[in-house]
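Asks:
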Amino acid sequence: MQKKMIPEIKLHKHTNEPLVCLTAYTTPMAKILDNYADLLLVGDSIGMVLYGMENTLGVDLEMMIRHGQAVMRGVQNTCVIVDMPFGSYEESPEHAYRNAARIMKETGCDGVKLEGGMDMAGTIEHLSNRNIPVMAHIGLMPQSVIKDGGYKVKGRSQIEEIQLIKDAKVVEKAGAFSVVIEGTVEDVASIITDTIHIPTIGIGASPKCDGQILVTEDMLGLNEKPAKFVKEYTNLRTKIESAISVYADEVHARTFPAAKHLYTRPKVVNSKAVNCNKKSA
Ligand code: KIV
Numbered sequence: 007m008q009k010k011m012i013p014e015i016k017l018h019k020h021t022n023e024p025l026v027c028l029t030a031y032t033t034p035m036a037k038i039l040d041n042y043a044d045l046l047l048v049g050d051s052i053g054m055v056l057y058g059m060e061n062t063l064g065v066d067l068e069m070m071i072r073h074g075q076a077v078m079r080g081v082q083n084t085c086v087i088v089d090m091p092f093g094s095y096e097e098s099p100e101h102a103y104r105n106a107a108r109i110m111k112e113t114g115c116d117g118v119k120l121e122g123g124m125d126m127a128g129t130i131e132h133l134s135n136r137n138i139p140v141m142a143h144i145g146l147m148p149q150s151v152i153k154d155g156g157y158k159v160k161g162r163s164q165i166e167e168i169q170l171i172k173d174a175k176v177v178e179k180a181g182a183f184s185v186v187i188e189g190t191v192e193d194v195a196s197i198i199t200d201t202i203h204i205p206t207i208g209i210g211a212s213p214k215c216d217g218q219i220l221v222t223e224d225m226l227g228l229n230e231k232p233a234k235f236v237k238e239y240t241n242l243r244t245k246i247e248s249a250i251s252v253y254a255d256e257v258h259a260r261t262f263p264a265a266k267h268l269y270t271r272p273k274v275v276n277s278k279a280v281n282c283n284k285k286s287a
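Here our numbering runs 6 ahead of the position in the sequence shown, where the first position is 1.
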């Protein structure tokens, strides 16, 4: 299989084949997801998921680059997008370009994502015109959590609906290759999907979006308090807990490690040491 790149992602708008998108932050996880996903996002949700932060505002560029590199080491097939963290792109299009170029150069990823609609159109245009593919992110924008006073669903009022549709049209015009629609009323996400010509990626939005994304750890049941829009496809938390409790019991009972986990001395034949144990050496 050939690696999916931005043009193939854009094509999904026309083929009507939904895009399978997930977050990834590490090499082992990226290796697993690489066989199933069209697009992996190194999301700034990493702040909460891996680093125990309260929200995404504490995530910095170095973290995104380090984890972007880790994910790139794990993929062969999938398009990889890295989130621009809070404070790395809002100041000016030039500042955003410098940081986006660093992300692209130092990770080798396919593009960046940033939060914002009309307010970020100038920046999206600046980056897109300079060979940096941009995925926009509208609706509920986690980096606005302090300003919004929480994670608020968007599109419930007519004013919000009109603004969201405008945002989507403007980011498309500015050159975004796709747009994430998060935490948005179903029919508004559906109208946006019918209105614009770049793929919409829904998270808590609509099955009509051109693709779906979830935080991988959420859908694996590792988040104690997942959002309403998360479907847990398994519960790794309980599976990990039962494995760890068996391990703890075995350590206490001294039944782990067992004989097969131990190293032995090489067998001695005719006073010469012969290593019969090459595999475990
Ligand atoms: O940071 C993130 O993981 C995201 C997705 C959930 C869309 O922005």
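From the three backbone atoms N, C-alpha and C, an ideal C-beta is built for every residue, glycine too. These numbers were taken from a predicted model, which means no experiment stands behind them.
(1) So, is LEU170 buried or exposed, given that buried needs 16 or more other C-beta atoms within 10 angstroms?
(2) Using C-beta distances below 6 Å, list every residue in its chain close to TYR239, excluding the 5 sequence neighbours before and after it, in chain order.
(3) So who's on the other strand from GLU121, going by DSSP bridges?
(4) Between which two residues does the alpha helix (DSSP H) carrying ILE168 extend?
(5) Please go through the same chain and pick out, in chain order, the residues whose beta-carbon is closer than 6 Å to the beta-carbon of THR222, but skip the five residues on each side of it.
(6) With a threshold of 8 Å on Cβ separation, who are the neighbours of ALA195 within its own chain once the five nearest residues in sequence on each side are excluded?
(7) For ligand 1, any of its heavy atoms closer than 8 Å to the Cβ of GLY122?
(8) Suppose you measure from the CA of PRO139 to the CA of PHE183; what does that come to, to the nearest Å?
(9) Let me know if ALA106 comes out buried or exposed under the rule of 16 or more other beta-carbons within 10 Å of its beta-carbon.
(10) Is the CB-CB distance between VAL185 and ALA127 below 9 Å?
(11) Short of 8 Å in beta carbon distance, which residues of its chain neighbour MET69, apart from the five on each side in sequence? Order them along the chain.
(12) I'd like the list of long-range same chain contacts for SER288, defined as Cβ closer than 6 Å, with 5 residues on each side in sequence excluded.
(13) Could I get the ranges of all uninterrupted alpha helix (DSSP H) runs contained in the segment 186-227, with 4 residues as the minimum, in chain order?
(14) With GLU112 and ILE71 assumed to form a contact (beta carbons below 8 Å), what rounded beta-carbon distance in angstroms separates them?
(15) Beta-carbon separation of ILE202 and GLU178 under 9 Å?
(16) Can you tell me whether ALA36 is buried or exposed? The criterion is at least 16 other CB atoms within 10 Å of its CB, across all chains shown.
(17) Just to check, is the beta-carbon of LYS158 closer than 8 Å to a non-hydrogen atom of ligand 1?
(18) What's the call for THR261, buried or exposed, on a 16-neighbour Cβ count within 10 Å?
(19) Quick one: does the C-beta of LYS119 sit closer than 8 Å to a heavy atom of ligand 1?
(20) Is any heavy atom in ligand 1 found nearer than 8 Å to the beta carbon of ILE109?
(21) Indicate whether THR21 and GLY80 have their beta-carbon atoms separated by less than 9 Å.
(22) Whose C-alpha, out of GLU121, LEU120, TYR103, GLU166, is nearest the C-alpha of HIS132?
(23) Relative to the C-alpha of ASP50, which residue among ALA43, TYR42, ASN61 is closest?
Replies: With the given structure in hand:
(1) That one is buried.
(2) So the list reads MET225, once near-sequence residues are dropped.
(3) HIS143.
(4) The continuous alpha helix (DSSP H) containing ILE168 extends over residues 164-180.
(5) Residues of the same chain with a CB within less than 6 Å of the CB of THR222, apart from the 5 flanking positions on each side, are LEU28, THR29 in chain order.
(6) Counting only Cβ-Cβ distances below 8 Å, and skipping sequence neighbours, we find GLY145, GLY161, ILE187, THR206, GLY208, ALA211, SER212, LYS214, CYS215.
(7) With a threshold of 8 Å, the Cβ atom of GLY122 does not count as near ligand 1, since no heavy atom of the ligand is closer than that.
(8) Whole-angstrom Cα-Cα distance: 6 Å.
(9) Flag for ALA106 reads buried.
(10) Contact flag unset, no.
(11) For MET69, where only same-chain residues beyond five positions count, the Cβ hits under 8 Å are ILE52, GLY53, TYR57, PRO91.
(12) There is simply no residue 288 to check, as the chain begins at 7 and stops at 287 in what is shown.
(13) Runs of the alpha helix (DSSP H) lying entirely within the segment 186-227, each at least 4 residues long, are 192-201, 222-225 in chain order.
(14) That pair is a contact at about 5 Å.
(15) Judged by their CB atoms, ILE202 and GLU178 are nearer to each other than the 9 Å cut-off.
(16) By the 10 Å Cβ count, ALA36 comes out buried.
(17) No - ligand 1 has no heavy atom lying nearer than 8 Å to the Cβ of LYS158.
(18) Answer is exposed; the Cβ neighbour count stays below 16.
(19) With a cut-off of 8 Å, the C-beta of LYS119 is classified as near ligand 1, since at least one heavy atom of the ligand falls inside that distance.
(20) False, no ligand heavy atom lies under 8 Å from that Cβ.
(21) Their beta carbons are not under 9 Å apart, which means THR21 does not touch GLY80 by this criterion.
(22) Comparing Cα positions, the closest option is TYR103.
(23) Among ALA43, TYR42, ASN61, the Cα nearest to that of ASP50 is on ASN61.
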